[in-house]
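Comments concern the structure below.
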Amino acid sequence: MPCLQPNYYFCLLLCFVFCLLLDLFRLFNRKRPDVKTTTDWFAPIIWEGTYNRQVLEKYYKRRNITIGLAVFATGKFVDQYLQQFIQSANKHFMSGYNVIFYILMDDFSKLPPIELGALRTFKLCIVFRRHEWKDLNYIYMRNLHMYVLEHIQHEADFLFSMTVNQIFRSDFGVEALGKSVAQLHGWWYFGHAKNFPYERSPNSAAFIPFGEGDFYYRGAIFGGTPYEVLAFIEEYKKGVQNDARRGFKSTYERYLNKYLFINKPTKLLSPEYNWDPNFRPPPQIKRVKIECQSKSI
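Structure representation (structure tokens):
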């Protein structure tokens, strides 16, 4: 009888793990039958009631992780939003874990008073501009890319990038951690896929043809490992630059959606994690984690 090759056992192990994960996903589906809890590529969609916080806490506490939260605040956005963003994040974002707030500003003199709890600190990062950079999102991403390469990747195990015009309303915890984390857009999640506002011009690097696409993701929240954040920013910069050479311009959110269409996220956050308070939450929204205060920058 011929000896079985090592890769045979490896394949058996993969099949076992796959079946185990599938069983877990089915278990989650039974907890929230009113919503979609997994994608077609088996990435979990995180809703209230679809995760066991105690099990996750036990796992991540042993790893002694640090989570970074980067936010961009310039001009009127500093006065209107920064203090309430940091205060609410200090209370609700990754409570009980090491957190570093990376605040990207162009004028440190406008920094409001910041009081943080235990295990929390912040770092100020000056925003550099060039005269040819007009779009605020592009300016932010160029600077964030530089700081991730310079030091953030050595300080944080996970990194979230968020717009400043948001308020944390309840726990935003370790259930949101993953290799690549995307935020489902609350408005479009409940809409029809054919109406998703993807970039439809074939001339753009953000182009997604009609009939294609998975979800529509909101640009207000994106995260994952620092490596994955870097990978997205590099593709985003490349897309913007290629479009500029052709005299075309799309939006940050559309470039993000194109990237996540090609590079599927490993975890999706339900609309509970970013809800517009101007709209009455539907029955599927059990607990709002973050409220978006106005149109994103």
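According to this note's numbering, the sequence shown is numbered sequentially starting from 105.
Glycine included, each C-beta is placed from N, C-alpha and C at the ideal position.
Only a predicted model underlies this, so the values are computations on that prediction, with no experimental measurement involved.
Beta-carbon contacts of residue i that lie in its chain and below 6 Å, excluding the five residues immediately before and after
{"i": "methionine 105", "result": "Summary for methionine 105: the model assigns pLDDT 43, below 50, so the residue's position carries little reliability, and this model does not support an answer."}
{"i": "lysine 393", "result": "Ser274, Phe276, Glu376, Tyr377"}
{"i": "arginine 136", "result": "Trp151, Gly153, Thr154"}
{"i": "phenylalanine 326", "result": "Ser265"}
{"i": "glutamine 416", "result": "Beyond the ends of the chain as shown, which are 105 and 401, falls residue 416; an answer cannot be given."}
{"i": "lysine 214", "result": "Val182"}
{"i": "phenylalanine 188", "result": "Strictly speaking, residue 188 in this sequence is glutamine, with phenylalanine absent from that position. Cβ neighbours of glutamine 188 beyond the five flanking positions: Ile271."}
{"i": "phenylalanine 129", "result": "With a pLDDT of only 49 at phenylalanine 129, under 50, the local geometry of the prediction cannot be trusted, and the value read off the model is given with reservation. Hits under 6 Å: Thr142."}
{"i": "alanine 309", "result": "Gly343, Asn346, Asp347"}
Residue i: CB within 7 Å of a non-hydrogen atom of the ligand NAD
{"i": "asparagine 378", "result": "Ligands in the displayed structure: none, and consequently the ligand NAD is not present."}
Continuous alpha helix (DSSP H) stretch holding residue i: start and end
{"i": "lysine 342", "result": "330-349"}
{"i": "leucine 288", "result": "Premise fails: leucine 288 lies in the beta strand (DSSP E), 284-288, not in any alpha helix (DSSP H)."}
{"i": "phenylalanine 352", "result": "It is not in any alpha helix (DSSP H) - phenylalanine 352 carries neither H nor E in the DSSP assignment."}
{"i": "leucine 220", "result": "Element bounds for leucine 220: n/a, residue is neither H nor E."}
{"i": "leucine 408", "result": "This structure does not reach residue 408, given that the chain is present from 105 up to 401, and the question cannot be answered."}
Buried or exposed by the 16-neighbour rule on C-beta atoms within 10 Å, applied to residue i
{"i": "tyrosine 163", "result": "exposed"}
{"i": "alanine 147", "result": "buried"}
{"i": "glutamine 345", "result": "exposed"}
{"i": "tyrosine 331", "result": "exposed"}
{"i": "proline 387", "result": "exposed"}
{"i": "arginine 282", "result": "Per the sequence shown, the amino acid found at residue 282 is glycine instead of arginine. Flag for glycine 282 reads buried."}
{"i": "glycine 295", "result": "exposed"}
{"i": "lysine 371", "result": "buried"}
{"i": "alanine 222", "result": "exposed"}
{"i": "asparagine 382", "result": "exposed"}
{"i": "glutamine 158", "result": "exposed"}
{"i": "arginine 233", "result": "exposed"}
{"i": "glutamate 219", "result": "exposed"}
{"i": "glycine 328", "result": "buried"}
{"i": "phenylalanine 262", "result": "buried"}
{"i": "glutamate 357", "result": "buried"}
Bounding residues of the beta strand (DSSP E) (the contiguous stretch that carries residue i)
{"i": "valine 392", "result": "No beta strand (DSSP E) holds valine 392; DSSP gives it neither H nor E."}
{"i": "methionine 250", "result": "Note, methionine 250: premise wrong, no beta strand (DSSP E); alpha helix (DSSP H) at 240-251."}
{"i": "lysine 298", "result": "Looking at the DSSP string, lysine 298 is not in any beta strand (DSSP E), and its letter there is neither H nor E."}
{"i": "lysine 140", "result": "Counting along the chain, lysine 140 falls outside any beta strand (DSSP E), and DSSP gives it neither H nor E."}
Beta-bridge partners of residue i, as assigned by DSSP
{"i": "methionine 209", "result": "Ile230"}
{"i": "glutamate 303", "result": "Phe311"}
{"i": "asparagine 202", "result": "Thr170"}
{"i": "phenylalanine 276", "result": "Phe197"}
{"i": "serine 265", "result": "Ala174, Phe326"}
{"i": "arginine 224", "result": "Val203"}
{"i": "tyrosine 321", "result": "Leu288"}
{"i": "lysine 371", "result": "Val285"}
{"i": "glutamine 270", "result": "Cys396"}
{"i": "tryptophan 151", "result": "The partner list for tryptophan 151 (beta bridge, DSSP) is empty, contrary to what the question assumes."}
{"i": "tryptophan 379", "result": "Glu395"}
Close beta carbons around residue i, own chain, < 7 Å, minus the five adjacent residues each side
{"i": "serine 400", "result": "Its pLDDT being 45, under 50, serine 400 is placed unreliably by the model, and nothing is read from it."}
{"i": "tryptophan 397", "result": "The question names tryptophan, yet the displayed sequence has glutamine at residue 397. Excluding residues within five positions, the ones whose Cβ falls inside 7 Å are Tyr185, Asn269, Gln270, Ile271."}
{"i": "valine 231", "result": "Thr178, Leu208, Met209, Asp210, Ile243, Asn247"}
{"i": "isoleucine 389", "result": "Pro375, Glu376, Trp379"}
{"i": "methionine 245", "result": "Ile337, Tyr340, Lys341"}
{"i": "histidine 289", "result": "Tyr320, Tyr321, Arg322"}
{"i": "tryptophan 292", "result": "Phe300, Tyr320"}
Own chain residues within Cβ distance below 8 Å of residue i, not counting five before or after
{"i": "glutamate 259", "result": "Thr170, Gly172, Ile204"}
{"i": "proline 385", "result": "Trp379, Val392"}
Legend entry - Inter-stretch contact at 8 Å, needing at least 3 Cβ pairs: the region 310-321 / the region 250-262: no
Inset, instruction - Indicate whether the contact test is met: 3 or more Cβ pairs, each with one atom in the region 348-363 and one in the region 189-205, closer than 8 Å. - result: no
Inset, instruction - Assess, as a yes-or-no matter, whether the region 299-307 is touched by the region 358-367 under the definition of 3 or more beta carbon pairs within less than 8 Å. - result: yes
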